[in-house]
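Residue 213 is where the sequence shown starts when you use this note's numbering, and the numbers rise one by one after that. Only one structure is covered here, and it is reproduced in the block below.
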Amino acid sequence: MAYQGKKLINDPDEVVTEFIEGLVETYPGLQYLDGFPQIKVVLRADVSIDTYNKVAVISGGGSGHEPAQTGFVGEGMLTAAISGDVFTSPPATSILAAIRAVTGPKGCLLIVTNYTGDRLNFGLAAEQAKSEGYKVETVIVGDDCALPPPRGIAGRRGLAGTILVHKVAGAAAEAGLSLADVAAEAKHASEMVGTMGVALSVCTLPGQVTSDRLGPGLMELGLGIHGEPGAAVVDLQPVDIVVSHVLRQILSPETQYVPIRRGSRVVLMINGLGGTPMMELMIATRKAVPELQLEHGLAVERVYTGSFMTSLDMAGFSISIMRADEAILQRLDAPTKAPYWPVGVEGNRPPAKIPVPLPPSCSTRNDEILSQPHKLTEQGCVLEAAIEAAAKEIINLKDQLNEWDSKVGDGDCGTTMYRGAVAVLEDVKKRYPMNDAAETVNEIGTSIRRVMGGTSGILYDIFCKAAYASLKRSSIITAKQWSDALEASIAAVSKYGGADAGYRTMLDALIPASAVLKERLDAGDDPLTAFHLSSEAALIGAESTKHMQAQAGRSTYVAVDLLALVPDPGAMAVAAWYKAAFLAVKSKLQPSES
213 MAYQGKKLIN DPDEVVTEFI EGLVETYPGL QYLDGFPQIK VVLRADVSID
263 TYNKVAVISG GGSGHEPAQT GFVGEGMLTA AISGDVFTSP PATSILAAIR
313 AVTGPKGCLL IVTNYTGDRL NFGLAAEQAK SEGYKVETVI VGDDCALPPP
363 RGIAGRRGLA GTILVHKVAG AAAEAGLSLA DVAAEAKHAS EMVGTMGVAL
413 SVCTLPGQVT SDRLGPGLME LGLGIHGEPG AAVVDLQPVD IVVSHVLRQI
463 LSPETQYVPI RRGSRVVLMI NGLGGTPMME LMIATRKAVP ELQLEHGLAV
513 ERVYTGSFMT SLDMAGFSIS IMRADEAILQ RLDAPTKAPY WPVGVEGNRP
563 PAKIPVPLPP SCSTRNDEIL SQPHKLTEQG CVLEAAIEAA AKEIINLKDQ
613 LNEWDSKVGD GDCGTTMYRG AVAVLEDVKK RYPMNDAAET VNEIGTSIRR
663 VMGGTSGILY DIFCKAAYAS LKRSSIITAK QWSDALEASI AAVSKYGGAD
713 AGYRTMLDAL IPASAVLKER LDAGDDPLTA FHLSSEAALI GAESTKHMQA
763 QAGRSTYVAV DLLALVPDPG AMAVAAWYKA AFLAVKSKLQ PSES
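What follows is the structure, encoded as structure tokens:
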């Protein structure tokens, strides 16, 4: 049964103007045009068209989605935002007033969410401004991934991914780029992002009754931010199941709404729709990040959780995923004074958890796991030597790896691997429990992931986690267990990374190494001989990548004739550390022959 909604308001017809008055009282860097109630425009207080020499970035739309768009006005983001009445596009006269108020000689970019009223009113204002001599460009954002590809001219709805586009455009403008370049970056960003929402309730407009369309125990997938119907009404599910469904929908290869594939770097936004507690949003984030990493093979570079584009008091959330390169990350990390852009998100991600501090006198399993034993067993000494040798070999190979990668990738393979190797050497004496092979391999993965960004860091972490899971099943570690662990690691990297033999990746060194190691051990060879032949197979496999067409990673964009000039850097890195580990083991077990 519908009932009168309860709101902390005065007159329902004045909620927008009173909101704006409260907003500018809270944030001194904002002001509004004195045109109430027809003209509702919030703008930067530090911008004067007489002196402003940068592109103005302007957006807006119906109210009820706060903090969007007014909360993102500030240096480094929007220059002005126009508010319509609740869920109603602002009139062209208001938009034109905003253009006149903040647009200087470099022109302005209008960022418009893809709704008919917004497109028409912003379009009319743009044409009028151009006739008055202003330079104006427009970017339409339609990031909705909930519904099947639309027919006709309506297109996809503009949702919370628009906020990321605002940030990219605002940072580009603040950097002094031309109007054409700012528009190009905004358009590119809009094509990289996809969003889907889930609602537990519809919203209540000021002064109106609350709808009972979504009854107890029901939720709606793809509900619009104005309460318009979504893709389906279903029974309420645990949030982990909901998040998994939404991620699959956004990343669906059938619809191809976003150009995101395994190995891509992405930005994640979990957006509350107005009536969702932060606790519930964080629970959704806790599921989404590892799901993107492990199930979809993506490198999650930034995570934004909060309420950015709401629907009044709607309970629910949306998830936005944006493909990110260094240029986009630089724009997202650029400073801004917009009051509702989250702070403290930029930069590399440290480990998600650290051990609980305990008094030095307390001896627990955690102490053993995260510290070097006082006395190493023979196997512990051999393992330590192998790890140190492998890391040092990668450090020595840094420049060569970068040189190879400059021809077939982005030129940083050596630098990335170097960071991981240095972290391993720093942690090997103080963190790794060498007498426990499984736990040591697990901690190597943690060290690497802490400092190695992008796909390679994730893949090596997955490699170590799979090896750990295999090794911990045995109380005594023999060559057979190491062979099984290597095989399990390769399977995990292939599963989550999507590559296989012949794809021109690190697997082209690992797979032959594993095959030979298993074959020679099964044939009865002594472990050291098997390891030796395995290391030779790794090098042969790595060098054979010269003759392969890349099917994974950045090399897929490189011409075949260029690929033939150099081997895959990732595969060569594997062959190098693998051989170094063998030589160290040999030196320990057969010192007189070294």
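Glycine included, every Cβ here is placed at the ideal spot set by N, Cα and C. Since we're looking at a predicted model, the values are computed, not measured.
| Query | Result |
| --- | --- |
| Close beta carbons around A697, own chain, < 7 Å, minus the five adjacent residues each side | A679, S682, L683 |
| Contacts around L801, its chain only, beta-carbon distance under 8 Å, and the 5 residues preceding and following it disregarded | V594, L740 |
| Proximity to A304 [Cα-Cα], best of V797, C320, G273 | G273 |
| DSSP three-state assignment for V653, whether helix, strand or coil | helix |
| Which listed residue (G714, A727, F743, G669) has its alpha carbon closest to that of T690 | F743 |
| Cβ contact check for the stretch 457-467 and the stretch 421-431: 3 or more pairs under 8 Å | no |
| Spatial neighbours of G319 in its chain, beta-carbon cut-off 8 Å, leaving aside the 5 residues before and after | V267, A268, Y346, K347, V348, E349, L391 |
| Helix, strand or coil at A443 [DSSP, three-state] | coil |
| Sequence-distant residues of the same chain with beta carbon closer than 8 Å to P537, five excluded per side | One detail in the question is off: residue 537 reads as Asp in this sequence, not Pro. Cβ within range, chain order: R477. |
| Nonlocal neighbours in the same chain, by C-beta distance under 8 Å from P471, ignoring five residues either side | E403, M404, R535 |
| Three-way DSSP call (helix, strand, coil) for D673 in this model | helix |
| Coil, strand or helix - Q243 by DSSP | strand |
| Proximity below 7 Å, CB of F284 to CB of H378 | yes |
| CB-CB length for L878 against A401, believed under 8 Å | Lying outside 213 to 806, the shown extent of the chain, residue 878 is not represented and no answer is given. |
| For F529, three-class secondary structure by DSSP | strand |
| Three-state secondary structure assigned by DSSP to V640 | helix |
| Beta bridge counterpart(s) of L818 as assigned by DSSP | An answer regarding residue 818 cannot be provided, because it is not within the stretch 213 to 806 covered by the chain. |
| Limits of the unbroken alpha helix (DSSP H) element including V728 | 719-734 |
| Stretch pair the stretch 494-504 + the stretch 660-667: three plus CB contacts closer than 8 Å | no |
| Any C-beta of chain B under 7 Å from that of A793 | No chain B is part of this structure, which consists of one protein chain only. |
| Exposure of V640, with buried meaning 16 or more beta-carbon neighbours within 10 Å | buried |
| Residues of its chain near A793, where Cβ-Cβ distance is below 7 Å and the 5 sequence neighbours each way are ignored | A598, A601, A602 |
| Short Cβ contact (7 Å threshold) for F529 with L493 | yes |
| Helix, strand or coil at R514 [DSSP, three-state] | strand |
| With 16 other Cβ atoms within 10 Å as the buried cut-off, status of V454 | buried |
| Boundaries of the beta strand (DSSP E) in which T374 is found, first to last residue | T374 -> not in any beta strand (DSSP E); alpha helix (DSSP H) instead, spanning 373-386. |
| CA nearest to the CA of L435, picked from V421, A358, T374 | A358 |
| Residue environment, H759, which counts as buried when at least 16 other CB atoms sit within 10 Å | exposed |
| Contact between the stretch 549-557 and the stretch 282-300 (3+ Cβ pairs under 8 Å) | yes |
| Buried or exposed by the 16-neighbour rule on C-beta atoms within 10 Å, applied to V421 | exposed |
| Sequence-distant residues of its chain with Cβ nearer than 6 Å to A293 (five each side left out) | V254, S271, G272, Q281, T282, V285 |
| Residues near L220 by beta carbon distance below 7 Å, same chain, minus five either side | none |
| Beta-carbon spacing of L729, S706 below 7 Å | no |
| Residue from E748, D738, D737 whose Cα sits closest to the Cα of I723 | E748 |
| Cβ-Cβ separation, V515 to L557 (assumed contact under 8 Å), whole Å | Looking at the sequence provided, one finds Val at residue 557 rather than Leu. Rounded, the Cβ-Cβ distance is 7 Å, consistent with contact. |
| Reduced DSSP secondary structure (H/G/I, E/B, other) of T497 | helix |
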